[in-house]
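S.K.: Quick note, the sequences are listed as chains A and B, same order.
Sequential numbering of the first sequence, starting at 391, is according to this note's numbering.
Sequential numbering of the second sequence, starting at 391, is according to this note's numbering.
No residue lacks a Cβ here, since even glycine has one placed at the ideal position from N, Cα and C.
These figures come from a predicted structure and were not determined experimentally.
Protein chains: 2
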Amino acid sequence: MAESRRGPFHDRERSEKALIDATRRLIARNGFKKLGVNAVAREACLDKVLIYRYFDGLDGLIRAFGKSTDFWPTADEIFRGALEGGDRHHFVGRMMVAYLRAVRARPLTLEILAWEMADRTSLVEILEGARESLGQELMGRAITEHGIVIEGTDIAAVTGLMAAGIHYITVRSRFIDGFNGIALDEDGWRRYESALLLIFDRLLGAEPE
Amino acid sequence: MAESRRGPFHDRERSEKALIDATRRLIARNGFKKLGVNAVAREACLDKVLIYRYFDGLDGLIRAFGKSTDFWPTADEIFRGALEGGDRHHFVGRMMVAYLRAVRARPLTLEILAWEMADRTSLVEILEGARESLGQELMGRAITEHGIVIEGTDIAAVTGLMAAGIHYITVRSRFIDGFNGIALDEDGWRRYESALLLIFDRLLGAEPE
DNA sequence: CACCAATGTCACCGCGCGGTGACTATCGAG
DNA sequence: CTCGATAGTCACCGCGCGGTGACATTGGTG
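1. Rounding to the nearest angstrom, what Cα-Cα distance links D401 of chain A and L436 of chain B in this structure?
2. May I ask which residues mark the beginning and end of the alpha helix (DSSP H) holding T459 of chain B?
3. Where W462 of chain A and H536 of chain A are concerned, what is the direct C-alpha to C-alpha distance, given to the nearest angstrom?
4. Since I572 of chain B sits in a beta bridge, which residues does DSSP pair it with?
5. Thinking C-beta only, is V493 of chain B closer than 8 Å to L587 of chain B?
6. Leaving aside the five residues before and after E433 of chain A along the sequence, list all residues of the same chain whose C-beta is less than 7 Å from its C-beta, in chain order.
7. In chain A, which residues lie with their C-beta within 8 Å of the C-beta of I559 of chain B?
8. Are there 16 or more other CB atoms within 10 angstroms of the CB of S405 of chain A, so buried, or fewer, so exposed?
9. What residues of chain B sit near M507 of chain A, judged by a beta carbon separation below 7 Å?
10. Just to check my reading of the structure: D618 of chain A and H480 of chain A have Cβ atoms closer than 8 Å, yes? What is that Cβ distance to the nearest angstrom?
11. I want to see whether chain A comes within less than 8 Å of S584 of chain B, judged by CB atoms only; does it?
12. Check whether the region 453 to 472 of chain A touches the region 523 to 533 of chain A, taking contact to mean three or more Cβ pairs, one atom from each stretch, closer than 8 Å.
13. Output needed for L574 of chain B: all residues of its chain with C-beta closer than 7 Å, excluding positions within five of it in sequence on either side, in chain order.
14. State the DSSP-derived secondary structure class of L517 of chain A, mapped to helix, strand or coil.
15. The alpha helix (DSSP H) with S523 of chain A in it runs from where to where?
16. Rounded to whole angstroms, what's the CA-CA distance from P598 of chain A to M485 of chain A? Just pull it up for me.
17. With distances taken Cα to Cα, identify the nearest neighbour of T549 of chain A among A:I559, A:V561, A:L528 and A:T534.
18. I need the DSSP call for D401 of chain A, collapsed to helix, strand or coil.
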């Protein structure tokens with residue numbers, strides 16, 4: 391079998407994978423602006439008709455891309471980061487910092503987030519499913535597995551607000567290099583992280599375990 | 391003079407204004423996705439060549455639109471809202487709530503915010519100038535005119551984070567009806583507002599003046 | 001009046017897009 | 001070897017886009 395030759399594979403599975411990979415590369419490189427059947431086919435060095443044959447069009451390709459790619463951080467990753475984050479601050483604050491870092495480290499995720507803000511087409515809706523529940527899962531497991539106790543505070547509203555702020559700043563950091571007068575260099579990110587820790591310490595009480 | 395007739399005005403000023411108004415309507419209605427010389431000209435019932443003649447292309451038209459329209463809330467509006475917000479919470483928290491309401495009430499502003507997240511073209515950069523300084527102006531005037539004292543807290547980082555969260559949630563509320571498990575109905579907005587007030591009360595101390 | 005600059009209209013160009021039908025190449029089954 | 005299904009190519013369509021040149025219309029000035 392001529393594994394490494396250029397051009398067609400005569401292997402549907404490989405072609406499908408090539409198209410999905412091309413989609414991922416395009417989104418990572420250019421975002422969603424220039425995403426289309428022509429662009430994907432060019433990137434994959436395959437004919438665009440295959441997108442229609444194998445995926446029933448761009449929608450299906452995006453759907454397959456969404457299933458194949460873990461562009462979203464997992465709850466485990468967040469908890470791991472929070473646990474490594476020392477013990478001088480409240481666990482929930484450390485979770486938010488871990489979330490900030492996880493999102494920042496995922497260019498693909500940032501593009502998806504930006505896409506979700508920009509328009510509401512069928513393409514975007516496909517990618518939203520799994521992750522709206524991440525917040526709930528995080529708080530639920532924080533309570534059951536890590537013994538976090540919340541009382542007297544609308545924790546969903548506060549964490550939602552913080553997650554929203556994290557999304558906004560990280561997404562915009564793709565283009566701009568400052569927000570609200572704070573440069574988005576390593577020092578600026580540290581300041582935002584400290585702000586997150588401080589807010590939850592003051593809200594929920596620092597817990598020097 | 392046939393003031394109210396359909397069609398050409400034979401009046402450059404009026405035509406320019408018509409094009410700018412058409413731009414505003416289009417952005418408010420469809421966002422920036424379908425914005426282009428053809429669409430604007432159609433909306434204005436004028437020929438697109440005038441966009442090139444009078445504004446040197448779409449860039450210039452957007453620039454003129456940015457100058458002509460006050461799509462951004464003013465510091466005065468925020469202070470007014472904060473002062474009307476009672477005295478049971480810290481002034482900075484009330485300012486953030488006023489900011490949330492001001493942004494929410496401006497569909498045009500939400501579209502611009504969404505646009506800024508989505509891509510970084512010359513068109514977007516034009517609209518960014520005046521407002522990056524709003525945060526600084528607000529905090530500066532809060533300190534000098536309202537006697538707000540901040541110490542021991544990175545207030546820029548905290549307010550930046552909150553403003554970012556406000557931007558994200560309001561922008562997404564154009565399409566979705568919930569975030570982090572909180573419905574974006576009147577009750578949901580109240581919860582976010584309460585969260586803002588609570589955070590700044592805990593951070594800066596409630597000041598029942 | 002004649003003239004001219006400015007205003008606005010119209011027809012057209014090249015391009016890349018999404019989408020499709022007809023064709024060829026490959027490979028395994030009988 | 002033959003045949004048929006599958007994988008992949010190619011040429012083409014209509015459309016809307018950004019952009020431009022040639023023309024028609026208007027209104028003020030001498």
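M.R.: For this structure:
1. Your numbering for residue 401 of chain A matches position 11 in the first sequence. Your numbering for residue 436 of chain B matches position 46 in the second sequence. Looking at the two C-alpha atoms, the distance is approximately 53 Å.
2. Within the second sequence, numbered from 1, the residue matching residue 459 of chain B stands at position 69. Segment: none, T459 of chain B is in no alpha helix (DSSP H) and carries neither H nor E.
3. Sequence index remark: in the first sequence, residue 462 of chain A carries index 72 (1-based). Sequence index remark: in the first sequence, residue 536 of chain A carries index 146 (1-based). About 22 Å.
4. Taking the second sequence and counting its residues from 1, one reaches residue 572 of chain B at position 182. I572 of chain B pairs with B:F569.
5. Stepping through the second sequence from its first residue, residue 587 of chain B is reached at position 197. Stepping through the second sequence from its first residue, residue 493 of chain B is reached at position 103. In this structure, V493 of chain B does not lie closer than 8 Å to L587 of chain B by Cβ.
6. Along the first sequence, read from residue 1 onward, the residue named residue 433 of chain A stands at position 43. Excluding residues within five positions, the ones whose Cβ falls inside 7 Å are A412, R415 and L416.
7. Within the second sequence, the letter at position 169 stands for residue 559 of chain B. Simply G550, L551 and A554.
8. Here residue 405 of chain A corresponds to residue number 15 of the first sequence, with the count starting at 1. Burial call: buried.
9. In the first sequence, residue 507 of chain A corresponds to position 117, counting from 1. Per Cβ cutoff of 7 Å: A504, M507, A508, V561 and R562.
10. No answer is possible for residue 618 of chain A: the residues shown for chain A start at 391 and end at 599.
11. In the second sequence, counting from the first residue as 1, residue 584 of chain B sits at position 194. Output row for S584 of chain B: interface = yes.
12. yes
13. Here residue 574 of chain B refers to the residue found at position 184 of the second sequence. Result list for L574 of chain B: S563, D567 and G568, in chain order.
14. Within the first sequence, numbered from 1, the residue matching residue 517 of chain A stands at position 127. Note: L517 of chain A maps to coil in three-state DSSP.
15. Residue numbering aside, residue 523 of chain A sits at position 133 when the first sequence is read from its first letter. That residue, S523 of chain A, is in no alpha helix (DSSP H); it is neither H nor E in DSSP.
16. The sequence position of residue 598 of chain A within the first sequence is 208, counting from 1. The sequence position of residue 485 of chain A within the first sequence is 95, counting from 1. Unreliable positioning characterises P598 of chain A in this predicted model, as indicated by a pLDDT of 47, which lies under 50. A coordinate reading is not provided.
17. Sequence index remark: in the first sequence, residue 549 of chain A carries index 159 (1-based). Cα-wise, what sits closest to T549 of chain A is A:L528.
18. On the first sequence, position 11 is the one that residue 401 of chain A refers to. Coil, per DSSP.
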